[in-house]
Amino acid sequence: MRPGAAPTTRPRWRPSTTTYPDPETPALVNFQTDGEPQNRQAAEDALRAAAHLPIFWAFVGFGPRIEFLRQLDTLQGRLLDNALVVLRAPDSSAVAMDARFDGERLLRACCEPHLARLVAAYQHRRFVAEELWAGQITRAVRLLGPLDEEEMYDRVVAVIGLDEEQLMRAVAWQGSHSGPSGPG
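Per my numbering, the very first residue in the sequence shown carries number 73; after that it's consecutive.
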């Protein structure tokens, strides 16, 4: 958008279900969003219109505004249940290849009650910063490749952004949770 231009209100998601190439071949559409659609009714209508085709929709929600996505899993008026909602929950053991998603566990469920149970289970799991940092260090070491110890330390600190105290706490956490044979 140009600076000073008014935001557009045109729909961003309008699947073309009328030109689906092969009604015999199933497809999975992975739709990722950070929140609410501009037009809820249009999104619901599009999902209902596609329900006669072998198209399965996986809605992946990022952020706190995902209630509408959760409602799509139980949307009425569809020939078949063609939607699944995927959410992220805080989890200090989750270290993604993309650092933007560190500390978030991707939750997939077969239905809303199952998803609600998974979300509740992760809400009660204690988030341990040292666990997350240890995972980030492991990822950085793997990505950086072979380096001498001093160079590795400097590069890991630069890549992850941990200070010395955080680094030491992460190493101590890893040492106390790695078992008798040491880290794998």
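For each residue, glycine too, the CB sits at the ideal point set by N, CA and C. Source: prediction; values computed, not measured.
Taking C-alpha positions only, residue 146 is separated from residue 188 by approximately 13 Å. Counting other Cβ atoms within 10 Å of its Cβ, residue 217 stays below 16 and is therefore classed as exposed. DSSP, reduced to helix, strand and coil, places residue 108 outside both helices and strands of the structure shown, so it counts as coil. Contact between residue 109 and residue 140 holds: their C-beta atoms lie close to 7 Å from each other, under 8 Å. Where residue 179 is concerned, the enclosing beta strand (DSSP E) starts and stops at 176–180.
Rounded to the nearest whole angstrom, the CA to CA distance from residue 185 to residue 174 is 26 Å.
Contact annotation, residue 161 with residue 177: C-beta distance approximately 5 Å; criterion of less than 8 Å satisfied. Straight across, the Cα-Cα distance linking residue 124 with residue 168 is about 36 Å. Look at residue 132 here: in three-state DSSP terms it is strand. Cβ neighbours of residue 231 within its own chain (closer than 6 Å, five residues either side excluded): 212.
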